[in-house]
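Residue numbers (our numbering): 13 to 146. In this text, a Cβ means the ideal position worked out from N, Cα and C, and glycines have one as well. Scroll down for the structure; my scribbles are underneath it.
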Ligand code: SF4
Ligand code: SF4
């Protein structure tokens with residue numbers, strides 16, 4: 013839990029000027045934003061959507077995939093692995109990252125990162141920003 017400032021952080025802190033915009037942003041699927049220290053906040057409504065997406069009851073989803081975290085509504089738990097991956101992070105045989113939750117069911121915090129919010133040092137961890145010459 014040593015790597016700070018990624019998607020898993022709640023969107024607080026300063027925005028960072030960059031050439032990368034929603035139109036030009038191209039995720040490199042490195043997965044850095046879904047690992048390390050941080051919290052994915054999920055509202056009750058988002059929990060209901062994710063539960064439906066996974067085919068689970070709300071109660072089952074809450075019990076299996078979320079915890080109470082001070083200052084947040086609900087937080088997704090970490091999965092297995094030394095780099096503290098989000099429980100919904102998956103990688104293909106080439107190591108490319110993707111999220112098990114797709115479309116509207118994906119938490120707003122994750123859908124908005126990093127083009128609508130990001131931390132001041134996101135450009136140091138996000139491969140897409142590095143490739144953009146930020
Ligand atoms: S919910 Fe998906 S996009 Fe959000 S941190 Fe977890 S794996 Fe990444
Ligand atoms: S390129 Fe950036 S947004 Fe895409 S997975 Fe890597 S850190 Fe996350």
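Item                                                                                                            : Value
In whole angstroms, what is the alpha-carbon distance linking residue 68 and residue 111?                       : 17 Å
At 4 residues or longer, what runs of the alpha helix (DSSP H) sit wholly inside the segment 76 to 136?         : 120 to 124
Figure out for me which residue from 56, 49, 85, 61 has the closest Cα to the Cα of residue 117.                : 61
Is there at least one non-hydrogen atom of ligand 2 closer than 7 Å to the beta-carbon of residue 7?            : Outside the displayed span of the chain (13 to 146) sits residue 7, for which this structure offers no information.
Can you give me the C-alpha to C-alpha distance between residue 85 and residue 79, rounded to a whole angstrom? : 9 Å
On the DSSP letters alone, give me the boundaries of the alpha helix (DSSP H) that residue 49 sits inside.      : First-last for residue 49: undefined, no H or E at that position.
Between 140, 44, 48, 65, which lies nearest to residue 119 when the distance is taken from Cα to Cα?            : 65
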